[in-house]
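Chains as they are written, first to last, in our numbering: chain A, 72 to 734; chain B, 72 to 734.
All C-beta atoms, glycine included, are put in the ideal place defined by N, C-alpha and C.
Note that the coordinates shown come from a computational prediction; the quantities given were computed from them, not determined experimentally.
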C-alpha cells in the first residue's frame, strides 16, 4: 500500500501545526491605536465568512495577486475639488467610475490648498470620502518639502485615523524659485518614505513617483534612476510613473530600473489627451516634451475639442495595448484630470472596464479597515448607504463583522444628515420641476411617487429621477416590481424601498446575484412605505389574517410603534449559501435601527421637500401634514418559497377600505 | 383623521425609550463570576437568534409561562446511583426520559453518601451531568442539618460553577435520634433558604418541600403550614410536596396555603406505586399512612409485581387527572425511584409525555447557563455530543453564541474521552458478539459496518446495534440513506456519519424539522468515512471533476491532511430560515475542529475495538492496521438544491479502481 499524494495545485497540504490562523506577522504596533491590535482582533474571530480575499488584503498584496493571476487592472487619479458643489460632483464620479472596478484611486495633494484640513474639499477629506463612503481603495498623496516633521506626522496620523492605508510619498515643489536643502528636514521623497516607515512601521503601503524621462531637475537620467532606487530601498512598495507619450519610453525605463535592482511593481501613468489647453498646461508643469508626431496631429485640430479627444482616446488605447502586450505591464494608472468620458472610453476599449463587477455583498463594502469585515446592514438605508456609514462611523464592533440590534451604539445625530456628501445632487430648481412647483393636495404627492416609479414624465413634462429617499433612479431589481408599485403609489401607499422574494437563484445571477460563484442567494419580499392613518387602520385589520407569515413595523413621527416582531429580533431578509463557507446574511430588518431610520425618513420630507417652498405656503403645509400624520410601514413576507403575499395584503387593505366607504 | 390603535393581544406597543434590550434587572452580582455580568454579556449580543425563550428563562419563569399558557408540565425526581455502572445506566435513562419533555428533573441529596464530592456517583456530579451533558433543567437537593456554613457555601459555589441554577433547600434528617437546635446553625430549611439568598442573592431558583399532611415532626398541621410560609417568605420560589394518596389531600393543602398568603407555585409530588416493598419502605421513611382502600387492593396481590404496578399506574393516572381537572394544578412532580416504566406509562396516559418534541436545534442544547446560547457545532460529534461538550467545557466564548474555527481554544485532552459517561453502554462480551470474536481480515470489519447499517444480524446471528463511533442504532434521518450506505460499506467505505441534502423542508417536518414553526430547514449532503489509501488515491482523482461542488477533508492518523476548503473556513451544512429572525446555522464542517475529531475518531478504533482482543492477536492487529493506515474522509456536496452527488463520487471512485485493476 503506497501513499500517493497528488501534488497538483488544487490540493492543499496542511500540517497539523499550521491549522490556526495567525495574525499578519508583518503588521506591528506603532504605539497608538495600532494595526497590530486590529489584526489580532480580526484573527481571533474568523467566524465571519471571508467573502473576498480582496477585502482583507493590503494594496500591495492585491497587486501581487493580480499579477500572479494575470488579471490586468487599472487605477484612477483625481485632484481635490475647489468648491463644495464640485466635491458633491466628484463623489458622484467616484461612485460611477468605481463601478468600473479600479484597483485603487488616488487623490493629489497641493500644499497651497490646505490639503490636510477638515474642509470638505481638502485632499484628506476627499480621500476619506473615497475610502469610507465610496468603498474605494485609495492612495493619499503627501508632499514633504517645506514642512516640519510634526506637520507630516500629524497628517499621517489623521490619515490612519480616517482609515487610509496608502500614501504616495512625494517631495513636492519648493516654495519660490530657490531650492535650499534643509538640515534634518525633508529634502527628498526618500526622507518622507523613511519617516513613514520609522513612525508607522509597516502600517502604510507606500508609493513613490518614477520619471521615465528622468526628473526634470535631476543631473541625468541615470542619477534620477539612482534616486528612485534610494526611494524604493527606503521602504516604498511600488512606483507610479509620470506620464509619457510612447510605450518604448516606459518599457526602456522599466528595463533600466530592473537593471539596477528595482524589483517592485512599476505602474505606467497614462494621460489620455483630452484637450489642447490641458495638454499644454500639463506639458508646461511637467517639463515634458510632446513628440513631434503628436504635435503634427493636434495643431491642425486644436480648436476642435471632440476631434482632439477622439485622437487622445485612440492614442492612449494604442499605447496601452502595446504596454499590456509587452507582458511586463500588469496595471495602468490613469491621470483623469477629474474627467470621466475619455478615461472610461479608453478602459472600455481595452476591456478593462468591468461594468457590474461581481458584488461580494448586495451592498457596497466600505474600504475602511475597521469596516472591511462588516457583513450585515439594516435594509432601511439601502438607497442611502453613505448616510448609514456616516451615522455608524463611531461604532467599534465592526471587527466582529456582525451587528446586533441591542449591541449597536447610538446612531449618529440626525442633525448631520445633510452633510455635503449626502446632499441631493440636483439643484432646487430641478427638484421643483420634478416634485411640483405647487402642490394641490396629498394626491399631487401620490403623483410624484408614481412618476418616479413609472419613469413617465409628470404633468409638466418633467421626469422624476430622484426622491428625497432615493437619489438615483429605480434599481434594476426594483424594476421587477414596477407594475405593482405603480398601482399602490397611485392610491397613497408611498413606497420608498422594496425587494422581491427570491428562492435560491445562482449567486452569478446578473440582477440579484452576489458573493462567490457556485452559491445560491435568497430574499424575503420586503415593502416599505409611508401611508395615512386610515390606511394603517385597515392594514392592521388585514394583517391579522397574515399573522406569522408577515412581520410588520408601523411607526409615526412621534415614535408610536406597532409591531409583531418577536422579542425585537432582526429578521434576515437577504442571505446566501456558498461552497465551503458559513451562511452569509447581509441584510436584515431590524426593529431597533428602524426607529433611527424613521427619524431620518420623516426628516427627509421636511429637509428635502417641504423646504423647497415658502414657509406657510400651501405646498409646504401639505408636506408638513404628511410628515406629521402619515405612518412609515415596513412589511416582510417570511414565506420566501411561496408567491409574494405583500401585494395581496395591500389589495385586501384597499378592498376593506372600499367596503367601509360603501357602508 | 383619527388615530386608531387596535389594542388586541397580537399587537405590541413599543415606546421609543424601551427599544433596547436590558439585562434582567432581577439578577445581581454576588461578587464572584457573577450572573449579573453573564446576563449583561448576553444582552449585549442579541445578534444570536433566540430560538426558544425557554433557553434563556429561569425555571420559575418557565413555570409562570407554562401556567399562563395553560400548557401542563411534569418533572422527574431521581436519586444518585451507588455504582459507576449504575451511573452510566442512570444517564442513559436521563436521555430517554428527557425525550418525553420534563420541565426539570431533580437529584436527591444524602449526607451520608458524600453528595458534594467529585465522585461520578455523587449528587453533585449526577446533577452536573444532567445539566451539561443531557441538557436537562435540573434541581439539586441540598440539606443543611449538621453542616457548617462554610460547607454549605462551598457546595453552593461548586453547584454554581458547574452550571446548576436551582436548589431544593431541605433540612435533612438529624444524625442520631436526638434533635438538638444549634445556635447560629442551620436548624431549619428556612435557614438554608435565607443563607442562599444572603450569599448568592437571586442567582438560584429555590424550591422547598411542602407536606400535605403536615410534617411528621410538626406539632400540628397548622404549625407546619406556618413553617412552610416562613420558608417561602425567606425567599423560596416554589414548593414541591411530599407524596400523598388522594387528590383531596393536595387540593385542601393548597387551599390552606393560599389562605395564609402562600402564593408561589405548589407542585404535587406523585408516587406511582411500583411494588409492594418499595411502597412499604417509603411509607416507613415518610411516616405516611396508606389509605385503607389502597391497602385493600394491594395486600391480596402483594406477590404479583406486574399486578401491583398496573394498579399503581391506574391509581396515579386517576389521581393526576383529578388534580389537573381541578384547574389549580399546572404541573406534576414524579417520584420515579430511578425507574422508567411506571412513570412513563402514567405520563403517556395523561398525554403529558411529548415524544419527539419540537427540537429548538438539530442537536440537544446543553442546559448550562454558559452554553445556553451556543448555536453552532461541528457535525463530527453528531453521534458523540457528550464527548463534544466535555472536550469544549472550558471554552468561554459560548455566551457569544457563535463558535469560530480559529477562535476556539484547544479541545480538551483526548486522554479523558473514556470518562464514565462516555463509555460504551454495552459490556465487552456484548461488543465481541456484535463486532466479531475473531476477525479474519479487513473484510470482516467491512461486514460489521454493513450489519450496523442494515440492521441485519451478523454471520453469528447477532445484531450490531452500536459502533465505537455511534452508541445508538442509526438515526431516523440516516435511514433515508440506508441502501446507498450498505452498498459502499460492503466495499470498504466505512461510514461513520452522514446526512442527506434538504432543500427547504418545513421546520415542522417530523424527521428533519427543527426550530420555531413557520420556517424552512436546509442541509447540504454530508458523508464521513474511513477508507484505505488505495481508495483515497482514486477518490482524489475523481474529486477533481467535482471541484467547487464538493468540499473534502482527508486525513490519516499522523495528521497528513488534504483539503480543498477555502482559507480553512467552516462550511455550514445545516441551516434554517424562520419568520422574524436571523438565519440559524447550527451545524458546520469545520477544518480546524476536524483535526481534533480525527484524533478521537482514530483512537476509538483502538480504545473501543482493538482492546477487546488479546495483544498480538490477529484480530487486534487487523484493527491496528486499519488505525495506522486508513484515512478519515469527509465530503460535502455544496449544491443542496440538486440531487446529492456524493454517491456518484463514490461510484466513480469504485469504477476507476475497477478500470485500474483490469489494466
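query, result
"Residue 307 (chain B) to residue 138 (chain B) span [Cα, whole Å]", "18 angstroms"
"Rounded C-alpha distance that separates residue 283 (chain A) from residue 237 (chain A)", "23 angstroms"
"Reference residue 193 (chain B), options B:215, B:231, B:150, closest by Cα", "B:150"
"Buried versus exposed, by CB contacts within 10 Å (16 or more), residue 656 (chain B)", "buried"
"Backbone CA spacing between residue 227 (chain A) and residue 340 (chain A) [nearest angstrom]", "25 angstroms"
"Sequence ranges, alpha helix (DSSP H) only - wholly within the region 127-161 of chain B, length at least 4", "130-140"
"Rounded Cβ spacing between residue 482 (chain A) and residue 667 (chain A) (contact assumed at less than 8 angstroms)", "4 angstroms"
"Pair within 8 angstroms by beta-carbon distance, residue 643 (chain B) and residue 653 (chain A)", "yes"
"Backbone CA spacing between residue 560 (chain B) and residue 196 (chain B) [nearest angstrom]", "39 angstroms"
"Straight-line gap, residue 684 (chain A) to residue 501 (chain A) (C-alpha atoms, nearest Å)", "13 angstroms"
"Beta-bridge partners of residue 177 (chain A), as assigned by DSSP", "A:148, A:210"
"Residue 590 (chain A) to residue 333 (chain A) span [Cα, whole Å]", "42 angstroms"
"Separation of residue 406 (chain A) from residue 413 (chain A), as counted between CA atoms", "11 angstroms"
"Given 8 angstroms, three or more beta-carbon pairs between the region 384-395 of chain A and the region 318-332 of chain A", "yes"
"Residue 268 (chain A) at chain B interface by Cβ criterion, 8 angstroms", "no"
"Residue range of the unbroken beta strand (DSSP E) whose run includes residue 658 (chain B)", "655-660"
"Residue 232 (chain B), DSSP secondary structure in three states", "helix"
"DSSP-derived helix/strand/coil call for residue 413 (chain B)", "helix"
"Residue 449 (chain A) versus residue 213 (chain A): straight-line alpha-carbon distance, rounded", "37 angstroms"
"Element boundaries [alpha helix (DSSP H), containing residue 706 (chain B)]", "Here residue 706 (chain B) belongs to no alpha helix (DSSP H); instead the beta strand (DSSP E) covers 702-708."
"Rounded distance between the beta-carbons of residue 496 (chain A) and residue 721 (chain A), thought under 8 angstroms", "Going by Cβ atoms, the distance from residue 721 (chain A) to residue 496 (chain A) rounds to 31 angstroms, so no, they are not a contact pair."
"CB contact below 8 angstroms: residue 451 (chain A) versus chain B", "no"
"Sub-8 angstroms separation of residue 264 (chain A) and residue 305 (chain A) beta-carbons", "yes"
"Sequence-distant residues of the same chain with beta carbon closer than 7 angstroms to residue 725 (chain A), five excluded per side", "562"
"Residue 731 (chain B), buried or exposed, once every other Cβ within 10 Å from all chains shown has been counted against 16", "exposed"
"Distance between residue 188 (chain B) and residue 220 (chain B) (C-alpha atoms, nearest Å)", "17 angstroms"
"Interface partners of residue 589 (chain A) on chain B, CB under 9 angstroms", "619, 620, 709, 710"
"Interface positions of the region 633-653 of chain A facing chain B (Cβ-Cβ less than 9 angstroms), listed along the chain", "633, 634, 635, 636, 637, 638, 639, 640, 641, 642, 643, 646, 648, 649, 650, 651, 652, 653"
"Beta-carbon neighbours of residue 659 (chain A), restricted to chain B and to distances below 7 angstroms", "653"
"Meets three-Cβ-pair contact criterion under 8 angstroms: the region 631-643 of chain A and the region 565-584 of chain A", "no"
"Chain A contact for residue 532 (chain B) (CB, 8 angstroms cutoff)", "no"
"Rounded separation between residue 727 (chain B) and residue 609 (chain B) - CA only", "7 angstroms"
"As assigned by DSSP and simplified to three states, the class of residue 575 (chain A)", "strand"
"Residue 339 (chain B), enclosing beta strand (DSSP E) - first and last residue", "337-341"
"Contacting positions in the region 574-598 of chain B - beta carbon closer than 9 angstroms to chain A", "574, 575, 587, 588, 589, 590, 591, 593, 595"
"Residues, ordered as in the chain, of the region 213-225 of chain B that lie near chain A by beta-carbon distance below 8 angstroms", "none"
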